[in-house]
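Remarks on the structure that follows.
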Amino acid sequence: MLSDLTYHKVKADGERLGMHIKGGLNGQRGNPVDPTDEGVFVSKINSVGAARRDGRLKVGMRLLEVNGNSLLGATHQDAVNTLRTAGNEIHLVVCKGYDKSNLIHSIGTAGGMSTGYSRHGSRASETGSELSQSQSTSSLDREDDERLRQLH
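Written as structure tokens, this is what we have:
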């Protein structure tokens with residue numbers, strides 16, 4: 001049974017949300033435990049920003065709703081746009097998605113079995129070639145996205 005959690009975050013003027021997301025309909029999967037899951041997941045919490053300051057969002061949580069807008073069935077870009085335009089007061093509905101610590105433990109004990117993930121955490125294709133992180137992860141802070149594009 002899923003238990004939804006509701007968070008109300010207030011960003012200070014000029015403060016970034018400070019998180020990255022993965023997943024979405026017809027996009028790169030955000031849930032490494034279930035490749036058929038097309039949900040939107042928190043993939044990183046930056047060292048600064050409203051998400052870090054608040055402290056309740058965790059990597060692996062599934063985002064269900066932003067300010068009353070459902071992310072169920074949303075594409076990755078729709079989710080990014082919804083979060084970027086949410087303003088300084090953000091009402092999030094999330095639920096537990098996957099536990100990052102369990103994932104790291106299972107990778108460490110896989111006994112040579114392919115997990116579909118490189119050591120850098122980006123998803124690998126079925127043929128084993130790695131995708132760049134910019135294809136599978138989006139920062140909600142525009143400057144971070146620009147830096148990723150410049151690196152690739």
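Going by full-length UniProt numbering, the first residue of the sequence shown is number 1, and it counts up by one from there.
Quick reminder that beta carbons are idealized off the backbone N, C-alpha and C, glycines included.
query: Cβ contact check for the segment 62-73 and the segment 36-45: 3 or more pairs under 8 Å; result: yes
query: Option nearest N81 by Cα separation, candidates K11, L5, S139, Y7; result: S139
query: Segment contact flag, the segment 13-21 with the segment 44-56, C-beta cutoff 8 Å, min 3 pairs; result: yes
query: Beta carbon of C95 nearer than 8 Å to that of L25; result: no
query: N-terminal and C-terminal residue of the alpha helix (DSSP H) that R56 is part of; result: Per DSSP, R56 belongs to no alpha helix (DSSP H) and is neither H nor E.
query: C-alpha distance - L71 paired with R53, whole-angstrom precision; result: 24 Å
query: CA-to-CA distance, P32 to K11, given in whole angstroms; result: 30 Å
query: V93 to S101 span [Cα, whole Å]; result: 22 Å
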